[in-house]
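Residues 129 to 456 in the numbering used here are what the sequence shown spells out, letter by letter. Notes follow once the structure below has been shown.
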Amino acid sequence: MSQNLKTLISKLNDTTRRAAERAASLCMARGHFEVDLEHFMLALLEQPQTDLAVLCQRFEVSVTALQRDLETELGQFKAGNTRTPVFSAHLPVLLEHAWLIASLESHAARIRSAHVLLALLTEPSLSQLARRVSSQFARFKLDELKHRLSEITQGSVEAGQSVRDAQAPAATDEAEDEAQPGAALGGKTPALDQFTTNLTQRAREGQVDPVIGRDTEIRQAIDILMRRRQNNPILTGEAGVGKTAVVEGLALRVALGDVPTPLQGVAIHVLDMGLLQAGASVKGEFENRLKNVIDEVKRSPHPIILFIDEAHTMIGAGGQAGQNDAAN
129 MSQNLKTLIS
139 KLNDTTRRAA
149 ERAASLCMAR
159 GHFEVDLEHF
169 MLALLEQPQT
179 DLAVLCQRFE
189 VSVTALQRDL
199 ETELGQFKAG
209 NTRTPVFSAH
219 LPVLLEHAWL
229 IASLESHAAR
239 IRSAHVLLAL
249 LTEPSLSQLA
259 RRVSSQFARF
269 KLDELKHRLS
279 EITQGSVEAG
289 QSVRDAQAPA
299 ATDEAEDEAQ
309 PGAALGGKTP
319 ALDQFTTNLT
329 QRAREGQVDP
339 VIGRDTEIRQ
349 AIDILMRRRQ
359 NNPILTGEAG
369 VGKTAVVEGL
379 ALRVALGDVP
389 TPLQGVAIHV
399 LDMGLLQAGA
409 SVKGEFENRL
419 KNVIDEVKRS
429 PHPIILFIDE
439 AHTMIGAGGQ
449 AGQNDAAN
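As structure tokens, then:
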């Protein structure tokens, strides 16, 4: 089993983990060579009061018909395997997409069956496969699934599991756990709330100490920010010379209104690169987190200046193979 697949399986909640185990048992009992989507979905349908069961009822999907279609498809699988089966290429794709939905859109600590269903219906290659296997999948309304998922599934047994997972996340990866703060579950800017600190707000609340001896650098930063083009100041220097202090001084001035009119009312957010990268072990997760932050900055009703401390970590410093490179 690949390390990536092991990581994805560790993200499953109680319901989806039992389904994965049951899917493997179904595969072995029938002598199939690969544990595939059909085994997994059939195993999920066997469990009562899951997200999937609630959603089937909501959208008038016939569980009996869906199970029959899945069984028919499984009947066409090549059989005769006497060894331990392997996971098909479809399952890592499904679980990876489900984890991105769970962590980035639902801000959940674990993959629920609702995330699995949504991944199955939105990932193009999997969606095409699912609809070929059973017409019942077409009954699920994607818009409603995306926008009302939490509301519809609140009576599911997995809703209770989700609360427990949020209160006591697995201790297998401390950095990963830090990347799932409960404070990000609500609000209109979950990515900003989760991965940045509003320095201007902290300055208004008296949580930023006065900055002395950096007036020239602060004025230079303001001059650059006031330009129409090439208006991104970059602070360089050895560690400890006071680069962050310049940003804190700027935040204090914004909080006091001691800046030119175009900069009054802006919010200076500090991007926490460590938190952004923590637990982003699944391909595409780091990039999606960063994209969500940028999208929320663009959609903000008031202007936001994003300060990136240790910015060199975003451009592949060190040249490690496979390293996250946000500059791309």
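In this text, a Cβ means the ideal position worked out from N, Cα and C, and glycines have one as well. Since we're looking at a predicted model, the values are computed, not measured.
Residue of the options minimising C-alpha distance to residue i
{"i": "residue 420", "options": "439, 440, 184 and 399", "result": "399"}
{"i": "residue 356", "options": "214, 337, 391 and 262", "result": "391"}
{"i": "residue 319", "options": "338, 235 and 192", "result": "235"}
{"i": "residue 212", "options": "155, 251 and 179", "result": "155"}
{"i": "residue 141", "options": "251, 402 and 242", "result": "242"}
{"i": "residue 322", "options": "347, 289, 363 and 404", "result": "404"}
{"i": "residue 266", "options": "335, 248 and 218", "result": "248"}
{"i": "residue 177", "options": "162, 233 and 144", "result": "144"}
{"i": "residue 205", "options": "232, 395 and 163", "result": "163"}
{"i": "residue 208", "options": "138, 217 and 160", "result": "160"}
{"i": "residue 367", "options": "437, 427 and 230", "result": "437"}
{"i": "residue 150", "options": "136, 175, 216 and 362", "result": "175"}
{"i": "residue 393", "options": "348, 428 and 336", "result": "428"}
{"i": "residue 439", "options": "430, 426, 424 and 360", "result": "360"}
{"i": "residue 179", "options": "214, 268 and 250", "result": "268"}
{"i": "residue 196", "options": "264, 216 and 215", "result": "264"}
{"i": "residue 354", "options": "364, 433, 192 and 274", "result": "433"}
Residues sharing a beta bridge with residue i, DSSP
{"i": "residue 324", "result": "399"}
{"i": "residue 436", "result": "399"}
{"i": "residue 168", "result": "Note: residue 168 sits in no beta bridge, so no partner."}
{"i": "residue 205", "result": "According to DSSP, residue 205 bridges with nothing at all."}
{"i": "residue 239", "result": "140"}
{"i": "residue 214", "result": "162"}
Helix, strand or coil at residue i [DSSP, three-state]
{"i": "residue 161", "result": "coil"}
{"i": "residue 350", "result": "helix"}
{"i": "residue 339", "result": "coil"}
{"i": "residue 187", "result": "coil"}
{"i": "residue 387", "result": "coil"}
{"i": "residue 394", "result": "coil"}
{"i": "residue 314", "result": "Caution is warranted here: a pLDDT of 41 is assigned to residue 314, below 50, making its placement in the model unreliable, and the coordinate value is therefore given only provisionally. Note: residue 314 maps to coil in three-state DSSP."}
{"i": "residue 281", "result": "coil"}
{"i": "residue 225", "result": "helix"}
{"i": "residue 419", "result": "helix"}
{"i": "residue 233", "result": "helix"}
{"i": "residue 288", "result": "helix"}
{"i": "residue 330", "result": "helix"}
{"i": "residue 369", "result": "coil"}
{"i": "residue 269", "result": "coil"}
{"i": "residue 297", "result": "Because the pLDDT of residue 297 is 44, which lies under 50, any placement of that residue in the model is unreliable, and the number read from its coordinates should be weighed accordingly. Looking at residue 297 - three-state DSSP - the assignment turns out to be coil, as it is neither helix nor strand."}
{"i": "residue 424", "result": "helix"}
{"i": "residue 176", "result": "coil"}
{"i": "residue 363", "result": "coil"}
{"i": "residue 262", "result": "coil"}
Chain C within 9 Å of residue i, Cβ atoms only
{"i": "residue 241", "result": "Absence of chain C from the displayed structure is noted, only one protein chain being present."}
Rounded Cβ spacing between residue i and residue j (contact assumed at less than 8 Å)
{"i": "residue 202", "j": "residue 158", "result": "7 Å"}
{"i": "residue 262", "j": "residue 198", "result": "7 Å"}
{"i": "residue 326", "j": "residue 225", "result": "About 32 Å separates the two Cβ atoms, so there is no contact after all."}
{"i": "residue 331", "j": "residue 379", "result": "4 Å"}
{"i": "residue 133", "j": "residue 252", "result": "Actually they do not touch by this definition, with Cβ atoms about 21 Å apart."}
{"i": "residue 183", "j": "residue 281", "result": "7 Å"}
{"i": "residue 228", "j": "residue 416", "result": "6 Å"}
{"i": "residue 413", "j": "residue 231", "result": "7 Å"}
{"i": "residue 254", "j": "residue 218", "result": "7 Å"}
{"i": "residue 424", "j": "residue 317", "result": "5 Å"}
{"i": "residue 381", "j": "residue 346", "result": "7 Å"}
Inter-stretch contact at 8 Å, needing at least 3 Cβ pairs: the stretch 272-291 / the stretch 380-396: no
Meets three-Cβ-pair contact criterion under 8 Å: the stretch 172-188 and the stretch 221-239: no
Contact the stretch 334-354 vs the stretch 368-379: 3+ CB pairs below 8 Å: yes
Cβ contact (3+ pairs, closer than 8 Å) linking the stretch 146-155 and the stretch 165-174: yes
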